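Undergrad:
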Amino acid sequence: MYVTHCPLDVVFLLDGSDSIPPLAYQKAVDYVIKEIETVTSLFPGSDVGVLIFSKVVEKEFELRQRSQSDLNQLYQSIRATKQPRKGSLLTGLILRQLFSLATNHLKLELGDDVST
1 MYVTHCPLDV VFLLDGSDSI PPLAYQKAVD YVIKEIETVT SLFPGSDVGV
51 LIFSKVVEKE FELRQRSQSD LNQLYQSIRA TKQPRKGSLL TGLILRQLFS
101 LATNHLKLEL GDDVST
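Numbering-wise, the UniProt record's numbering puts 114 at position 114 of the sequence shown, and it's gapless, one number per residue.
Here is the structure:
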């Protein structure tokens with residue numbers, strides 16, 4: 001069997017709203033960084049981005065291809081970004097922002113096992 005590994009476009013969402021305790025937010029940050037490392041090593045040339053949000057998008061790391069140096073800077077920047085904790089989550093707004101970043105194909109995996 002022949003398998004082709006194509007570059008991916010992946011945007012990670014970090015919920016920084018009041019409903020997420022600080023320790024859980026930090027665990028999510030660590031998880032996102034680990035996943036970015038996995039995606040970029042398994043699928044070279046992949047574009048990655050991160051949205052950190054609470055009531056609105058608080059911080060956006062643009063969807064683009066990154067060198068190893070760029071990735072290291074991204075990890076530092078994500079870790080340095082404080083949890084916004086500004087109100088409750090507005091899922092629709094965040095998903096619209098995500099769709100505006102998608103440049104090719106988008107597969108959305110929701111926590112309730114629904115895919116679109």
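The C-beta atom is built at its ideal place from N, Cα and C for all residues, glycine as well. Since the structure is predicted, the reported quantities are computational estimates derived from the model, not experimental observations.
Unbroken alpha helix (DSSP H) runs of length 4 or more, entirely within the stretch 32 to 101: which are they?
TA: With a minimum length of 4 residues, the continuous alpha helix (DSSP H) runs that stay inside the stretch 32 to 101 are 68 to 80 and 91 to 101.
Undergrad: So for Asp30, helix, strand or coil by DSSP?
TA: Residue mapping note: residue 30 aligns to position 30 of the sequence shown, counting from 1. Asp30: helix per DSSP, three-state reduction.
Undergrad: Does the stretch 14 to 34 come into contact with the stretch 61 to 78, if we say contact requires no fewer than three beta-carbon pairs (one atom in each stretch) closer than 8 Å?
TA: They touch, by the three-pair rule.
Undergrad: How long is the line joining the alpha carbons of Cys6 and Ser69, rounded to whole angstroms?
TA: As a first step, residue 6 is located in the sequence shown; it is residue number 6 there, counting from the start. As a first step, residue 69 is located in the sequence shown; it is residue number 69 there, counting from the start. Roughly 22 Å between the two C-alpha positions.
Undergrad: Does the beta-carbon distance from Val29 to Leu63 come in below 7 Å?
TA: On the sequence shown, residue 29 is found 29 positions in, with the first residue counted as 1. On the sequence shown, residue 63 is found 63 positions in, with the first residue counted as 1. No; because the gap between Cβ atoms is not below 7 Å, this pair is not in contact.
Undergrad: Can you check whether the CB of Lys86 is closer than 7 Å to the CB of Lys59?
TA: The residue given as residue 59 occupies position 59 in the sequence shown. The residue given as residue 86 occupies position 86 in the sequence shown. Cβ distance not < 7 Å, so Lys59 and Lys86 don't count as in contact.
Undergrad: Assuming the contact rule is C-beta atoms closer than 8 Å, Val40 and Val48 should be a hit. Round their C-beta distance to whole Å, please.
TA: Start at 1 with the first residue of the sequence shown, and residue 40 comes out as number 40. Start at 1 with the first residue of the sequence shown, and residue 48 comes out as number 48. First, the residue type needs correcting, since residue 40 is Thr and not Val in the sequence shown. At roughly 6 Å, the Cβ-Cβ gap stays under 8 Å, so Thr40 and Val48 are in contact.
Undergrad: On the criterion of 16 or more Cβ atoms from any shown chain inside 10 Å, does Leu14 qualify as buried, or is it exposed?
TA: Translated into positions along the sequence shown, residue 14 becomes position 14. So Leu14 counts as buried.
Undergrad: Are Tyr25 and Gln65 close, meaning C-beta to C-beta below 7 Å?
TA: Along the sequence shown, read from residue 1 onward, the residue named residue 25 stands at position 25. Along the sequence shown, read from residue 1 onward, the residue named residue 65 stands at position 65. Not a contact, by the Cβ cut-off of 7 Å.
Undergrad: With respect to the beta strand (DSSP E) encompassing Asp15, which residues constitute its N-terminal and C-terminal limits?
TA: Taking the first residue of the sequence shown as position 1, residue 15 is located at position 15. From DSSP, the beta strand (DSSP E) with Asp15 extends over Asp9 to Asp15.
Undergrad: Determine the burial state of Glu109: buried for a count of at least 16 other Cβ atoms within 10 Å of its Cβ, exposed for fewer.
TA: On the sequence shown, residue 109 is found 109 positions in, with the first residue counted as 1. Confidence at Glu109 is low in this model, with a pLDDT of 49, below 50, so its placement is unreliable and the value that follows should be read with caution. That one is exposed.
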